[in-house]
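Chemist: After the structure tokens below, expect a handful of questions from me.
Written out as structure tokens, the structure reads:
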């Protein structure tokens, strides 16, 4: 198997953390990581420091390292920003739907339905992100999207936890259909409401989950 090297290690660890392959609070053994990636302690330390700067890893005294827990307050703040932007985008696109957007959205929805039926949640999640990326792209706001993505580590992990719930994939599909239908019909108010409803679910789920699985969250969130 070809393992990532250099900067690719950071990307691989980031992806594993955001997908919950490495869950919140999980210890990170430096010896195990060095063996997995075939690197010495210095490049591994640099990679962990970079991930700590991103808020994904916590390096504790005496070299103990763990995956950072989810900060629900920061997730709420990111959600506030993302919701304000995406609700406005949905309304803007519905007011004047760009050529090709409706077909692209429905194609992504159809692909998501296949992945959901086969219980391939990782692929489903990738297509979920692609749906929202398409809206930013057609609105000409990809730089805004990149800014939001940089601040989304906590809400992304909340969404990954939520996606593990049996009903969540079905709800996402239903929400995406409502958004696509409203945009296709040229209904700005309907598109905005559908997007607002869609984006509200993971934060509500996070508030419930702090009581059910407190080990995933910071003490402040609990």
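Numbering (UniProt numbering), first residue to last: 1 to 222.
By construction, the Cβ of each residue, glycine as well, lies at the ideal position given by its N, Cα and C atoms.
Note that this is a predicted model, so its numbers are computed, not measured.
1. Once you ignore the five residues that flank residue 4 on each side, which residues in its own chain have a CB closer than 8 Å to its CB?
2. Assuming residue 90 and residue 191 are in contact, meaning their beta carbons sit under 8 Å apart, how far apart are those beta carbons, in whole angstroms?
3. Assess, as a yes-or-no matter, whether the segment 58-72 is touched by the segment 97-107 under the definition of 3 or more beta carbon pairs within less than 8 Å.
4. Under the DSSP definition of a beta bridge, which residues are partnered with residue 58?
5. Taking residue 176 as the reference, give the member of 113, 82, 21 and 64 with the closest Cα.
6. What would DSSP say about residue 188, mapped onto helix, strand or coil?
7. Quick one: what's got a C-beta closer than 6 Å to residue 82's C-beta in the same chain, skipping five residues either side?
8. Distance cutoff 8 Å, beta carbons only. Does residue 161 sit that close to anything in chain C?
9. Can you find the residues in the same chain that come closer than 7 Å, C-beta to C-beta, to residue 76, ignoring five residues on each side of it along the sequence?
10. Compute the Euclidean distance between the alpha carbons of residue 216 and residue 146, then round it to the nearest angstrom.
11. Just to confirm my understanding: we take residue 152, look at its own chain, exclude 5 residues before and 5 after, and list those with CB closer than 8 Å. What are they?
Modeler: Based on what the coordinates show:
1. Per-residue confidence for residue 4 stands at a pLDDT of 49, beneath the threshold of 50, marking its modelled position as unreliable; no derived number is given.
2. Contact between residue 90 and residue 191 holds, with the beta-carbon distance rounding to 4 Å and staying under 8 Å.
3. The segment 97-107, when compared against the segment 58-72, does not touch it at the 8 Å Cβ threshold.
4. DSSP, once it has assigned bridges, lists 66 as partnering residue 58.
5. Checking every option, the nearest Cα to that of residue 176 belongs to 113.
6. For residue 188, the secondary structure class from DSSP, reduced to helix, strand or coil, is helix.
7. Within the same chain, Cβ atoms closer than 6 Å to the Cβ of residue 82 are found at 148, the five residues on either side in sequence being excluded.
8. Going by chain labels, chain C is absent from the structure shown, which holds only one protein chain.
9. For residue 76, the CB contacts under 7 Å within the same chain, skipping 5 residues up- and downstream, are 203 in chain order.
10. Distance between the alpha carbons of residue 216 and residue 146: 26 Å.
11. Short of 8 Å from the beta carbon of residue 152, and not among the five residues preceding or following it, lie these beta carbons of its own chain, in chain order: 78 and 82.
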